[in-house]
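In my numbering, the protein residues as written are 4 to 65.
Every residue gets a Cβ at the ideal spot worked out from N, C-alpha and C, and that includes glycine.
In what follows, a single structure is set out as structure tokens and then discussed.
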Amino acid sequence: MFRQWWKRVRAARADRGMSTAEYAVGTLAACAFAAVLYKLVTSGPVVAALRSLLQRALDVPF
């Protein structure tokens, strides 16, 4: 029983630095995705479509 517990403890200790690397990769991927979305949303056709959509929404009679 003690040996099984000790194996689990040692396995958990060996995996200690893994989460930091995973967070770094996830953060980098999120930043890259945000940059792509920013470029897409600030492009001319998308800005024009958003302006048109907002204008139509604000011009709706009540």
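- Under the three-state reduction of DSSP output, serine 46 falls in the coil class, being neither helix nor strand.
- The Cβ atoms of valine 49 and leucine 57 do not sit closer than 9 Å to each other.
- Secondary structure at phenylalanine 65: coil, using DSSP grouped into helix, strand and coil.
- The same chain holds no residue with a CB closer than 6 Å to that of aspartate 62 once the five nearest residues on each side in sequence are set aside.
- Excluding sequence positions up to five before and after valine 28, its CB lies less than 8 Å from no other CB in the same chain.
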